[in-house]
Ligand code: GLU
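Numbering (the working numbering), first residue to last: 125 to 620.
What follows is the structure, given as structure tokens:
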């Protein structure tokens with residue numbers, strides 16, 4: 125049986141889902157799963173001026189990619205639907221009407237011009253900003269007349285005077301606001317749509333939300349919501365506001381610094397399980413001296429608690445995300461990584477489009493690269509020489525390894541390799557060893573120039589594995605090119 129814990133992630137489809145939003149969704153999800161409760165996705169799309177057509181699709185895709193699934197929501201349905209606020213407008217109108225009738229709300233006919241003049245006046249005279257409540261005291265008759273004339277208007281909540289509004293935040297503790305600092309909240313707009321505040325409170329009540337877990341930026345709205353609950357005669361849910369996320373330099377997250385969209389991370393080839401784990405640590409930790417950071421989704425569900433969420437700002441450390449991604453990459457099979465990497469290689473034109481991602485050679489390349497890569501994109505640049513013969517060689521390594529003696533060595537090796545019956549790495553290693561032993565040449569003297577010749581650089585995966593993947597033809601042709609390069613360099617050096 126499900127517990128009575130019901131939480132929701134309630135994004136507004138005004139743009140892409142960024143990491144802050146994803147963290148909010150994730151904490152709600154973990155809390156619901158941990159408590160055996162219900163996780164709900166609700167689309168808050170009543171701000172029609174900021175509505176973006178594709179945003180919902182992107183939100184669903186981002187959450188699904190991260191592995192966050194909802195028990196009730198727009199596509200899956202549920203007993204409390206619709207889960208899209210623009211489909212529930214009648215409900216909000218009915219509730220606004222109810223507040224008008226109970227005397228908790230009033231119609232405000234002030235024009236946008238009047239409100240702007242008021243703002244300017246307040247600014248000029250260094251007065252506190254806010255609505256001056258002119259329409260709050262409008263005689264009932266006058267209000268009825270304006271309404272009958274279809275005068276555009278909004279509906280505002282009558283914020284009680286001289287009250288202290290208190291609520292307990294599970295993460296931040298006891299919070300109090302003086303009602304005098306709260307503006308008469310707009311509930312319904314001239315376009316007939318509710319504001320976020322009204323729709324949010326009506327739905328949290330109607331959907332029997334037990335805990336509201338949301339970002340810190342909503343904390344100032346909460347006392348207003350508490351008053352709304354009070355006006356309706358409803359018990360508010362439990363509130364928990366999650367700490368703000370800062371960029372590594374302590375500033376606000378921006379698109380450049382961490383606030384990229386979830387799908388940007390996907391497109392860069394980050395692994396969802398790594399981002400999931402990383403986001404869980406933005407403000408939450410195991411505590412009790414338990415320093416573990418790498419936790420799977422199941423582990424996180426079994427240990428997550430709101431009590432361990434810190435009220436302190438958390439820092440989005442991109443380097444840590446990379447590190448964590450590296451850990452998860454090493455756990456993945458090469459075939460599953462191939463699904464992510466090979467499209468990049470195809471884009472580069474290195475691999476024909478028709479080649480299946482499970483192609484054995486491609487998977488072998490991934491075997492060789494995955495230990496030293498932190499991100500999928502790392503396996504793009506560093507894979508260049510698997511597909512394209514080097515066009516230049518690392519300068520320092522040239523001076524060290526492309527010495528005159530290397531000409532004969534590489535030529536001998538090329539000869540032996542071209543006749544090799546097996547191009548399997550163990551056989552190649554034996555071939556090198558025999559050759560070295562027969563001439564009394566150290567292994568390194570053979571290996572370094574070979575690596576430089578075939579890859580253009582002095583580092584990389586195991587040489588014999590690399591040769592095996594490249595295959596006889598490529599290896600011999602690259603050795604020939606390198607021999608010519610060294611001959612040329614030697615000749616130039618002697619001339620000068
Ligand atoms: N629609 C709000 C947002 O976009 C939801 C805030 C809340 O969770 O109450 O973040």
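Backbone N, C-alpha and C fix where the C-beta goes; we use that ideal spot for every residue, glycine too.
It should be emphasised that the depicted structure is a prediction, and the values quoted were computed from it without experimental measurement.
- Distance from the CA of residue 618 to the CA of residue 528, rounded to the nearest whole angstrom, comes to 11 Å.
- Annotation note: the segment 264-339 contains the following uninterrupted alpha helix (DSSP H) runs of length 4 or greater, listed N- to C-terminal: 264-272 and 320-330.
- Of 446, 448 and 406, the smallest CA-CA separation from residue 428 is found for 406.
- Judged by beta-carbon spacing, residue 192 lies within the 8 Å limit of residue 150, meaning their Cβ atoms are closer than that value.
- The Cβ atoms of residue 326 and residue 219 lie closer than 8 Å to each other.
- The C-alpha of residue 459 lies about 13 Å from the C-alpha of residue 493.
- Secondary structure note for residue 608: it is in no beta strand (DSSP E), and the uninterrupted alpha helix (DSSP H) holding it is 596-619.
- Between the ligand GLU and residue 172, a heavy atom-to-CB distance of less than 7 Å is absent.
- Relative to the ligand GLU, residue 196 has its C-beta separated by 7 Å or more from all heavy atoms.
- Separation of the CB atoms of residue 167 and residue 132 is rounded to 10 Å, and the pair is thereby denied contact status at 8 Å.
- The DSSP-derived three-state label of residue 232 is strand.
- Inclusion of residue 338 in the 7 Å shell around the ligand GLU follows from its C-beta lying nearer than that to a non-hydrogen atom of the ligand.
- In this structure, residue 246 places its C-beta atom within 8 Å of the C-beta atom of residue 253.
- With distances taken between CA atoms, residue 299 lies nearest to 435 out of 435, 147 and 368.
- Around the beta-carbon of residue 375, fewer than 16 other beta-carbon atoms lie within 10 Å, marking it exposed.
- Here the alpha carbons of residue 317 and residue 213 stand approximately 7 Å from one another.
- The C-beta distance from residue 306 to residue 283 rounds to 5 Å, short enough to fall under 8 Å.
- Per DSSP, the continuous beta strand (DSSP E) segment holding residue 364 begins and ends at 362-366.
- For residue 467, the shortest separation between its Cβ and any heavy atom of the ligand GLU does not lie below 7 Å.
- For the pair residue 401 and residue 422, the Cα-to-Cα distance works out to about 11 Å.
- The continuous alpha helix (DSSP H) containing residue 403 extends over residues 396-404.
- When the alpha-carbon of residue 127 is set against those of 272, 276 and 332, the nearest one is in 332.
- Taking 7 Å as the cut-off, the C-beta of residue 477 does not count as close to any heavy atom of the ligand GLU.
- For residue 370, the enclosing beta strand (DSSP E) has its first and last residue at 369-371.
- Residues 295, 407 and 408 of the same chain have their beta carbon placed closer than 6 Å to that of residue 433, with the five preceding and five following residues left out of the count.
- Cα atoms of residue 482 and residue 498: separation of roughly 21 Å, rounded to the nearest angstrom.
- In terms of Cβ geometry, residue 461 and residue 453 form a close pair [threshold 8 Å].
- The straight-line gap separating the alpha-carbon atoms of residue 583 and residue 468 is approximately 23 Å.
- In terms of Cβ geometry, residue 330 and residue 204 form a close pair [threshold 8 Å].
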